[in-house]
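Working notes, beginning with the structure itself.
Numbering (the working numbering), first residue to last: 1096 to 1311.
Structure representation (structure tokens):
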């Protein structure tokens, strides 16, 4: 299949693009490199350095793509609290524009990179797919809004779509891994301490129901 991967220079998107290439698919990556890395785009993928909204109509317009895998997004929870406008525009508005390009072009498939932040504070664990969605920050709220928009497009226009609500993504593949200029994610921070690249990490909260009050 011929597949468009938005955010394919980022952590999850680049790994996905690599696996798709190994499975014999034709891959086109579009990424504005605002947080991604050009050298993370797998060899063999066509790379379009552009904003996905600007690039998608032209790329999809010919009707030659079999699907879109949408990873491009703003994804820092803390930032979403203090600057929600960046998230409602960057995530929701831009994805709605991408959905329109998908609809107009007749592209039949979409995989969306959502998040478990759509669930908020769970009533019970483990969290199941049908758990209540009560996001506690703008990041989770914008991803939930997109999930709902995709559901509407799928019902109205026959789009075959799936949203992936993952938690803390971890691991590396084919030399690709998590890499940010300013790292905020737990697992790479812990690994940086283990490698001696930083002295410590911060564990937030002191009123959890544990012996020392931390979340550990």
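The beta carbon of each residue, even a glycine, is placed where N, CA and C say it ideally should be. Quantities reported herein were computed from a predicted structural model and do not represent experimental measurements.
Item                                                                                                                                                                      : Value
I'd like the span of the beta strand (DSSP E) that includes residue 1153, first residue to last.                                                                          : Segment 1147-1155 is the alpha helix (DSSP H) holding residue 1153; no beta strand (DSSP E) there.
Are there 16 or more other CB atoms within 10 angstroms of the CB of residue 1097, so buried, or fewer, so exposed?                                                       : exposed
Does the beta-carbon of residue 1214 have 16 or more other beta-carbons within 10 angstroms, so that it is buried, or is it exposed?                                      : buried
Which residues bound the beta strand (DSSP E) around residue 1162?                                                                                                        : 1162-1165
From this set, 1255, 1116, 1109 and 1245, which residue's C-alpha is nearest residue 1131's C-alpha?                                                                      : 1109
Tell me whether residue 1274 sits in a helix, a strand or coil according to DSSP, three-state version.                                                                    : coil
How would you write the range of the alpha helix (DSSP H) that residue 1144 sits in, first residue to last?                                                               : Where residue 1144 is concerned, there is no enclosing alpha helix (DSSP H), although the beta strand (DSSP E) it sits in stretches over 1141-1144.
Based on the DSSP output, what are the partners of residue 1257 in its beta bridges?                                                                                      : 1206
Say whether the stretch 1187-1204 touches the stretch 1145-1159, bearing in mind that this needs 3 or more beta-carbon pairs closer than 8 Å, one atom from each stretch. : yes
Could you tell me the boundaries of the beta strand (DSSP E) in which residue 1225 lies?                                                                                  : Residue 1225 -> no beta strand (DSSP E), and no H or E assigned at all.
Between residue 1293 and residue 1107, what straight-line distance do the alpha-carbon atoms span, to the nearest angstrom?                                               : 24 Å
Is it a yes or a no for the stretch 1201-1220 touching the stretch 1160-1172, going by three-plus beta-carbon pairs under 8 Å?                                            : yes
Quick check on residue 1216: does DSSP put it in helix, strand or coil?                                                                                                   : coil
At a cut-off of 8 Å, would you count residue 1164 as near the ligand FMN, judging by its Cβ distance to the nearest heavy atom?                                           : The ligand FMN is absent from the structure shown, which contains no ligand whatsoever.
Classify residue 1037: buried if its beta carbon has 16 or more other beta carbons within 10 angstroms, exposed otherwise.                                                : No information on residue 1037 is available, as it lies outside the stretch 1096 to 1311 that the chain covers here.
Could you check if residue 1219 is buried or exposed, using at least 16 other CB atoms within 10 Å of its CB as the buried criterion?                                     : exposed
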